[in-house]
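Have a look at the structure below, then the notes.
Numbering (the working numbering), first residue to last: 1493 to 1663.
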């Protein structure tokens, strides 16, 4: 991510939830999130100053106002970002990535409209019904590649160094 301060793109946060936990997700209401790995997909197209680096840094900050659905999940002490997949692009592709993830047979949408109240997608948060971070990362990378994108992967330590945050964890 070095040198990407003003770049735009699509990203997927890979989140590990260490235990089943109830979370109130803003106006969406109360949900019980299963233990395991989640993929949250968004975009950073430079609107309101949120380029890719700024958007990811915000997601990774612990102290922030709870504004977006993902903020509520990441505020849980049991939720940790363990990897980030991103691709540089100039147009909104988060819906394509989210729909492609939804098509995987071992992925489920536990919270409808999570991160997708501004589009027609079912959700932008997907729970993987498989174990193993390596597999989850590979599947997300393959979705990006299948859409013709050139994904990059940041593991916990890499993102920590580049974005300067403490919300990452290596499992």
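Glycine residues also receive a C-beta, built at the ideal position from the N, C-alpha and C atoms.
Do residue 1605 and residue 1615 count as a contact pair if the criterion is CB distance below 9 angstroms?
Taking the first residue of the chain shown as 1, we reach residue 1615 at position 123. Taking the first residue of the chain shown as 1, we reach residue 1605 at position 113. For residue 1615 and residue 1605, yes; Cβs fall inside 9 angstroms.
CA-to-CA distance, residue 1639 to residue 1560, given in whole angstroms:
By 1-based counting over the chain shown, the position of residue 1560 is 68. By 1-based counting over the chain shown, the position of residue 1639 is 147. Each residue's Cα considered, the two are about 26 angstroms apart.
Residue 1619: which of 1499, 1590 and 1647 sits nearest, CA to CA?
Within the chain shown, numbered from 1, the residue matching residue 1619 stands at position 127. When each option's Cα is compared against that of residue 1619, the closest is 1590.
From this set, 1513, 1575, 1506 and 1585, which residue's C-alpha is nearest residue 1608's C-alpha?
The residue you call residue 1608 lines up with position 116 of the chain shown. 1585 is the residue among 1513, 1575, 1506 and 1585 whose C-alpha sits nearest the C-alpha of residue 1608.
Apply the 10 Å Cβ neighbour rule to residue 1516 and answer buried if 16 or more other Cβ atoms are within range, or exposed otherwise.
Along the chain shown, read from residue 1 onward, the residue named residue 1516 stands at position 24. By the neighbour-count criterion, in which 16 or more other beta carbons inside 10 Å mark a residue as buried, residue 1516 falls on the exposed side.
Tell me which same chain residues have a C-beta within less than 7 angstroms of the C-beta of residue 1498, skipping the five on either side of it?
Taking the first residue of the chain shown as 1, we reach residue 1498 at position 6. Short of 7 angstroms from the beta carbon of residue 1498, and not among the five residues preceding or following it, lie these beta carbons of its own chain, in chain order: 1543.
Option in 1623, 1518, 1642 and 1530 with minimal Cα separation from residue 1575
Taking the first residue of the chain shown as 1, we reach residue 1575 at position 83. For residue 1575, the nearest C-alpha among the options comes from 1530.
Among 1520, 1611 and 1598, whose alpha-carbon lies nearest the alpha-carbon of residue 1588?
Within the chain shown, the letter at position 96 stands for residue 1588. Checked all of 1520, 1611 and 1598; the closest Cα to residue 1588 is 1611.
Do you know offhand how far residue 1508's Cα is from residue 1570's?
As a working mapping, residue 1508 is identified with position 16 in the chain shown. As a working mapping, residue 1570 is identified with position 78 in the chain shown. When the Cα atoms are used, residue 1508 and residue 1570 turn out to be separated by approximately 8 angstroms.
Grab me the residues of residue 1480's own chain with a C-beta within less than 8 angstroms of its C-beta, minus the 5 sequence neighbours each way, in chain order.
Summary: the structure shown does not reach residue 1480, with the chain confined to residues 1493 through 1663, and so no result is reported for it.
For residue 1522, I'd like the list of residues in its chain whose CB is within less than 7 angstroms of its CB, leaving aside the five on either flank, ordered along the chain.
Walking along the chain shown from the start, residue 1522 turns up at place 30. Taking C-beta separations shorter than 7 angstroms and ignoring five residues to either side along the sequence, the partners of residue 1522 in its chain run 1514 and 1516, following chain order.
For residue 1546, write down the residues that DSSP places opposite it in a beta bridge.
For the purposes of this step, residue 1546 is taken as residue 54 along the chain shown, with counting starting at 1. DSSP, once it has assigned bridges, lists no residue as partnering residue 1546.
When you compare only the Cα positions, how much space is there between residue 1582 and residue 1534?
In the chain shown, residue 1582 corresponds to position 90, counting from 1. In the chain shown, residue 1534 corresponds to position 42, counting from 1. Approximately 13 angstroms between the Cα atoms of the pair.
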